[in-house]
Amino acid sequence: MNEKFTQYRGKLAQYWNSMGRNQKIWLGATLGILLLSVILLTTFFSRTQYEVAFQDLDSTDSAAVMNYLDTNKIAYKLDDAGKTISVPSANAAKVKVEAGSQGLVQNGSIGFEAFNDGGSMFGSTDREFDVKYRNALNGEIQRLLNNMQGVQKSSVLVNLPEKSVFVSTEEKEQASASIMMDFKPGYRPSQKEVDGYYNLVKTAVPNLSIDNITISSPEGELLASTALGGSNGGSALALETHYQIQHKYEADLKRNIQQFLGRMVGMDNLVVNVQSSINFDKKKSDQQLVEPLPDNSNNGIIISEQTDNKSTTGAGAAGGVAGTGETDVPGYQATEGSGAGTSEENSRTTNYEVNRINNQIESGPYVIKDLSISVGVDKTRLDDETKAGMNEFLVSLVRSQLVESGQDVNDDLLITKKVAILGQTFADGSSSSSATGLSTGWLVGIGLAALAIIGGLVYVVLRRRKQAAMEQEDDMVVPGKVEYPTIDLDAVNNESQVRKQLETLAKRKPEEFVNLLRTWLVDE
Numbered sequence: 001m002n003e004k005f006t007q008y009r010g011k012l013a014q015y016w017n018s019m020g021r022n023q024k025i026w027l028g029a030t031l032g033i034l035l036l037s038v039i040l041l042t043t044f045f046s047r048t049q050y051e052v053a054f055q056d057l058d059s060t061d062s063a064a065v066m067n068y069l070d071t072n073k074i075a076y077k078l079d080d081a082g083k084t085i086s087v088p089s090a091n092a093a094k095v096k097v098e099a100g101s102q103g104l105v106q107n108g109s110i111g112f113e114a115f116n117d118g119g120s121m122f123g124s125t126d127r128e129f130d131v132k133y134r135n136a137l138n139g140e141i142q143r144l145l146n147n148m149q150g151v152q153k154s155s156v157l158v159n160l161p162e163k164s165v166f167v168s169t170e171e172k173e174q175a176s177a178s179i180m181m182d183f184k185p186g187y188r189p190s191q192k193e194v195d196g197y198y199n200l201v202k203t204a205v206p207n208l209s210i211d212n213i214t215i216s217s218p219e220g221e222l223l224a225s226t227a228l229g230g231s232n233g234g235s236a237l238a239l240e241t242h243y244q245i246q247h248k249y250e251a252d253l254k255r256n257i258q259q260f261l262g263r264m265v266g267m268d269n270l271v272v273n274v275q276s277s278i279n280f281d282k283k284k285s286d287q288q289l290v291e292p293l294p295d296n297s298n299n300g301i302i303i304s305e306q307t308d309n310k311s312t313t314g315a316g317a318a319g320g321v322a323g324t325g326e327t328d329v330p331g332y333q334a335t336e337g338s339g340a341g342t343s344e345e346n347s348r349t350t351n352y353e354v355n356r357i358n359n360q361i362e363s364g365p366y367v368i369k370d371l372s373i374s375v376g377v378d379k380t381r382l383d384d385e386t387k388a389g390m391n392e393f394l395v396s397l398v399r400s401q402l403v404e405s406g407q408d409v410n411d412d413l414l415i416t417k418k419v420a421i422l423g424q425t426f427a428d429g430s431s432s433s434s435a436t437g438l439s440t441g442w443l444v445g446i447g448l449a450a451l452a453i454i455g456g457l458v459y460v461v462l463r464r465r466k467q468a469a470m471e472q473e474d475d476m477v478v479p480g481k482v483e484y485p486t487i488d489l490d491a492v493n494n495e496s497q498v499r500k501q502l503e504t505l506a507k508r509k510p511e512e513f514v515n516l517l518r519t520w521l522v523d524e
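Here full-length UniProt numbering is used: the first residue of the sequence shown is 1, the next is one more, and so on.
In structure tokens, the structure reads:
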């Protein structure tokens with residue numbers, strides 16, 4: 001074994017000595033690069049990939065999870081002052097399931113499972129039971145709230161009144177709840193979600209009314225809507241609904257403008273801004289109209305008609321001296337009768353029916369009161385013809401949207417003021433993207449380029465080695481045809497002169513010296 005090792009080492013040393021200086025440098029550089037690449041690739045592919053398994057933990061939950069991981073000898077990393085725990089990606093799913101089944105993560109709350117723990121063999125007092133029940137109720141409500149969308153953590157404090165048989169219903173103290181909620185950064189709960197929080201707490205605590213629930217956040221108090229009996233009217237919900245409708249209308253209008261004008265100047269050379277004002281009022285009105293029948297001389301339909309004719313015929317009037325009789329009126333001059341008299345009376349009553357119209361008009365909301373559109377275009381793409389076409393399109397669009405606004409849409413000056421087309425030089429966003437660092441694609445590309453360079457170097461070295469080996473074989477096949485330098489040993493007097501000549505030849509012409517030694521060895 002030692003002899004083979006010695007032979008291999010001798011051959012390796014002989015091969016190394018037979019190489020030139022440049023070949024040695026190339027071979028050393030290639031081996032160094034290969035070794036470094038193997039080390040880097042081995043480190044990259046063998047390192048453990050960690051995945052976040054638990055976030056936003058308090059100290060109690062972090063300690064419970066760490067104890068579980070240490071017991072099962074699972075590696076982990078702590079981040080964010082112990083609030084975040086990462087485990088190897090291969091074990092992440094298993095750890096989450098087992099931690100959830102064992103109830104390790106409780107967000108600092110104690111639920112009704114506390115009653116499953118063994119207590120005193122003699123039981124607990126009423127006071128101890130009330131305290132434990134109240135803590136468990138707080139913990140259960142806290143868990144329910146923490147599972148809601150956007151909620152980061154919450155704190156719940158429920159106040160339950162003491163039971164007494166001597167207190168009437170009117171004098172009985174009511175339950176109350178105080179809740180503090182923290183939301184994830186950038187999340188804002190809607191009014192429907194806030195009402196959901198109130199409903200959840202109301203149904204979880206017996207004899208609890210909406211008025212006795214207080215929910216707050218770091219930004220302020222969250223109020224329930226009047227639909228739940230809270231002090232916050234429907235204004236908040238209506239305002240949010242109106243905002244969503246207006247935002248959607250502006251977004252749709254903006255997208256349509258971009259799709260139409262983007263084909264003219266390109267999507268990257270176009271910026272659109274839409275501002276609108278929408279009337280959300282809803283009105284109802286009743287109209288009671290009376291109209292004559294058409295084509296009837298403004299008359300109606302005769303529904304009833306009555307005609308009365310009366311004629312009277314009587315004898316002459318009585319005469320005499322004024323005031324002379326017993327029944328006469330004093331001072332009244334009576335006339336003498338002139339014979340028989342006749343009187344006639346005619347009357348006609350006609351009832352007409354006209355058109356009676358009852359209109360119930362309900363004007364819907366969502367009427368566009370005002371609209372303005374501003375378009376920014378790269379000035380290199382904006383000429384007079386393009387600008388005129390874009391202006392014509394936008395003016396017609398604004399006019400069609402403001403038909404029911406009550407404004408004079410035929411006023412060209414008014415409509416033109418609501419449309420603006422600006423030619424500007426757009427900022428180049430390449431500098432911001434380059435400052436973000438190398439992406440994964442760039443790293444992969446650099447790695448492939450490095451491997452290609454290493455492969456090229458290995459190919460060059462192997463090719464040179466092959467050429468050197470072929471030249472060496474040619475030299476050994478026909479050694480008799482090559483003329484090597486000779487030394488006249490007969491003319492030399494002593495060995496010192498021979499050694500001196502050999503050393504001089506080795507220093508001046510090392511290759512010829514080696515060939516000379518090979519020739520002597522072949523002759524022997």
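Think of the CB as a built atom: it goes at the ideal place given N, C-alpha and C, for glycine as much as any other residue.
Quick one, which of the options has its alpha-carbon nearest residue i's?
i, options, result
"Gln287", "Ile357, Tyr249 and Asp211", "Ile357"
"Pro292", "Gly10, Gly196, Asn273 and Glu353", "Glu353"
"Asp211", "Thr43, Leu261, Ala224 and Asn67", "Ala224"
"Gln152", "Ala204, Pro218, Asp130 and Asn138", "Pro218"
"Arg465", "Ser18, Lys4, Gln7 and Arg9", "Ser18"
"residue 528", "Ala175, Glu404 and Ala450", "The requested residue 528 is not part of the displayed model; the chain covers only 1 to 524."
"Glu345", "Leu27, Gln360, Ile361 and Thr312", "Thr312"
"Asn359", "Ser285, Ile25, Lys369 and Pro510", "Ser285"
"Thr350", "Asp378, Ser374, Gly376 and Thr307", "Thr307"
"Asn269", "Lys379, Arg348 and Lys500", "Lys379"
"Val461", "Glu3, Trp26 and Asn2", "Trp26"
"Gly455", "Ser37, Gln191 and Ala388", "Ser37"
"Ile141", "Thr42, Gln501, Gly266 and Val158", "Val158"
"Leu413", "Ser396, Gly423, Thr425 and Glu404", "Ser396"
"Glu240", "Ser209, Glu193, Ala204 and Leu200", "Glu193"
"Gly423", "Ala388, Lys417 and Ser400", "Ala388"
"Ser178", "Ala63, Leu208, Ser276 and Gly150", "Leu208"
"Lys310", "Thr342, Gly445, Thr71 and Ile361", "Thr342"
"Leu78", "Asp126, Ala92, Thr71 and Phe54", "Phe54"
"His247", "Ile213, Gln259, Val274 and Val265", "Val274"
"Met180", "Tyr50, Asn199 and Val156", "Val156"
If you draw a straight line from the C-alpha of residue i to the C-alpha of residue j, how long is it?
i, j, result
"Asn355", "Lys283", "26 Å"
"Tyr197", "Leu402", "41 Å"
"Thr504", "Lys11", "26 Å"
"Leu289", "Val398", "36 Å"
"Val409", "Gln244", "27 Å"
"Lys202", "Phe129", "22 Å"
"Thr281", "Pro365", "The residue asked about is misnamed: residue 281 is Asp in this sequence, not Thr. Taking the straight line from one Cα to the other gives about 5 Å."
"Pro161", "Asn147", "28 Å"
"Glu221", "Leu448", "57 Å"
"Arg188", "Ala251", "21 Å"
"Val482", "Thr519", "Confidence in Val482 is poor, its pLDDT being 45 and thus under 50, which makes the residue's placement unreliable; the coordinate value appears in the next sentence. Between Val482 and Thr519, the C-alpha separation is close to 10 Å."
"Ser304", "Arg348", "11 Å"
"Ile215", "Tyr133", "22 Å"
"Met390", "Pro185", "41 Å"
"Ser434", "Asp411", "At Ser434 the pLDDT is 43, less than 50, meaning the model places this residue with poor confidence and gives no usable figure here."
"Lys417", "Gln191", "38 Å"
"Leu261", "Met267", "8 Å"
"Lys24", "Gln7", "21 Å"
"Ala92", "Ile278", "51 Å"
"residue 525", "Lys507", "Residue 525 cannot be examined here, being either before or after the span of the chain that is shown, 1 to 524."
"Gly480", "Leu502", "Here the model assigns Gly480 a pLDDT of 46, short of 50, so the residue's position is not dependable and the matter cannot be decided."
"Leu516", "Arg499", "14 Å"
"Val477", "Thr43", "Low confidence applies here, because Val477 scores a pLDDT of 47, under 50, leaving its location unreliable; read the following figure in that light. Their Cα atoms are separated by approximately 48 Å."
"Lys163", "Ile213", "20 Å"
"Leu104", "Val65", "6 Å"
"Tyr76", "Leu40", "24 Å"
Can you name the residues that DSSP bridges to residue i?
i, result
"Leu157", "Ser178"
"Asp309", "Strictly speaking, residue 309 in this sequence is Asn, with Asp absent from that position. DSSP lists Asn346 as partners of Asn309."
"Val87", "Glu51"
"Ser400", "Bridge partners of Ser400: none, in fact."
"Ile278", "Ile368"
"Gln360", "Asp286"
"Val409", "In DSSP, Val409 forms no bridge with anything."
"Tyr352", "Ile302"
"Asp378", "Gln424"
"Glu221", "Ser216"
"Val419", "Ile373"
"Glu291", "Asn355"
"Phe183", "Val151"
### Query
Within the chosen definition, does the segment 82-101 reach the segment 55-66 through at least 3 CB pairs nearer than 8 Å?
yes
### Query
Are at least three pairs of beta-carbons, each pair with one atom in the segment 134-143 and one in the segment 92-102, less than 8 Å apart?
no
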